[in-house]
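Below is one structure, written out as structure tokens; comments come after it.
Residue numbers (the UniProt record's numbering): 1 to 493.
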């Protein structure tokens, strides 16, 4: 006799810091009441035994340099197994931003002319026709960004074979978004060209897509996210938060921007200690030393870690958030596909852009004098990354974004004359070194037995406005506390 156990997901409400200002205590006022946060699924201990998965092998010729793709990408009996698949779970809340990112074309649809117009900023064009991927390259990206982005899309097709519709997209591998919103006012009948990329900001309408590093970044020895996220989780267990170094930490390429160079001034000196240890990362020296000092899983040893953007957003954010440390986020301009769901004082502590050192010093002081609340912020961030940024959700985000995008196309995609067919074998088999290793490590070897998660509905305008307003209010609250702290320090001196 079978037993069916229904386990419902639950909502949790982040009760927030009740603080009094006097004697290090802040006003006893809830600043985060009434906000519902994302659902985390419970695991059913009575689930049915798994069926033997269908294997989709990565087959390379003996010469290890195959230049051909398989004649078929998935077994013909695959669709029969879909009938008894479990009902899909709900997607994380950040999937709502898919609706927002595609809204510029909701009324007009996307014409071939619009897609062609995006080519001037493009690195490659990717077309899917009848489940086969074709790519036309316009320019090579920095390092292997384009390679691993395309690899990720190929793995999506292996995870959900035969499920993606025909589509035609233009992709930019640049650090910054490029389609400026004000160049395409709503009064103008012409919609902006649809351009996929890794990040966006409030002044642009680029379509935000998961970045290449989820499948590995071989040039700086960052492993695929599936493996690295587990190592980061294990790294957190090696040292309790209270036993970690009690200052803020950052190490990176400070040459990229003036803001990062400004951050270097916050490093401890003979004259001042801003509660920060800030270091310039010499990647050339690291490379010569075999990146032995750059293992991310060994760097969760500080109570506070600083995130600051480079030329655009930085892929480092997910690694910083995963450390159980309090993430001190220098006010960002850019967002990626998941960061718009991060909440100040729940997932991170906001840092002023124009007064970094004093802002960091206060944040560290606050965290070290309110350790329980500080640990809650660090734990909420790492839980978010470990639960809501699992690779299954990364793939589902890609799936839903591409599916909804394809619905907007007003023409039938066809293979561009200069495009070549692309498949996992064509990319991985002739590769070598870490490129090959990371591809082999991240290859999807069998289709998902579960359907993609269900996307929540879009935010209505009042709700969206309320969310953005609440974030700003929380940032302003921190800035008020900070000002009060420094005013008190001045009066005591």
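Built from N, CA and C at the ideal position, the CB exists for glycine as well.
By the C-beta density criterion, residue 230 is exposed, having fewer than 16 other C-beta atoms within 10 angstroms. Rounded to the nearest whole angstrom, the C-alpha separation of residue 472 and residue 238 is 35 Å. Of all alpha-carbon atoms in 423, 71, 386, the one lying nearest the alpha-carbon of residue 439 is that of 423. Setting aside the 5 residues that flank it on each side, residue 352 is surrounded in the same chain by 359, each with a C-beta closer than 6 Å to its C-beta; the list follows chain order.
Distance from the Cα of residue 235 is smallest, within the candidate group 322, 213, 220, 162, for 322.
Of all C-beta pairs linking the region 408-421 to the region 333-350, fewer than three are shorter than 8 Å, placing the two stretches out of contact. Collapsing the DSSP output to three states places residue 224 in coil.
If you draw a straight line from the Cα of residue 420 to the Cα of residue 143, it comes to about 21 Å.
Residue environment for residue 310: buried (at least 16 other C-beta atoms within 10 angstroms of its C-beta). Looking only at 301, 297, 184, the smallest Cα-Cα distance to residue 319 is reached by 297. Beta-bridge partners assigned by DSSP to residue 136: 125.
Comparing C-alpha distances from residue 430 to each of 268, 61, 55, 369 shows the shortest one belongs to 61.
Note that the C-beta distance between residue 410 and residue 111 is below 8 Å. Under the 10 Å beta carbon count, residue 279 is surrounded by fewer than 16 other beta carbons and is classified as exposed. The region 183-200 and the region 108-126 touch, with three or more beta-carbon pairs separated by less than 8 Å.
Using a Cβ distance threshold of 8 Å, residue 277 and residue 367 do not count as a contacting pair. Between residue 253 and residue 308, the alpha-carbon positions lie close to 11 Å from each other. DSSP, read as helix, strand or coil, puts residue 244 in coil. Contact between residue 306 and residue 244 is absent: CB atoms are separated by about 14 Å, not below the 8 Å threshold. For residue 316, same chain residues with a beta-carbon under 8 Å away, outside a window of 5 residues either side, are 252, 307 in chain order. When the five nearest sequence neighbours on each side are left out, the beta carbons in the same chain lying within less than 7 Å of the beta carbon of residue 482 are those of 359, 362, in order along the chain. A buried status is given to residue 339, since no fewer than 16 other beta-carbon atoms sit within 10 Å of its beta-carbon.
In the DSSP annotation of this structure, residue 322 is not part of any alpha helix (DSSP H), being labelled neither H nor E. Under DSSP, residue 421 takes part in a beta bridge, and its partners are 134. Going by C-alpha positions, residue 233 is about 8 Å away from residue 386. From the listed residues 258, 443, 434, 369, the smallest Cα separation to residue 485 is found for 369.
Between the alpha carbons of residue 262 and residue 255 lies a distance of about 10 Å. The beta carbons of residue 248 and residue 342 sit no closer together than 8 Å.
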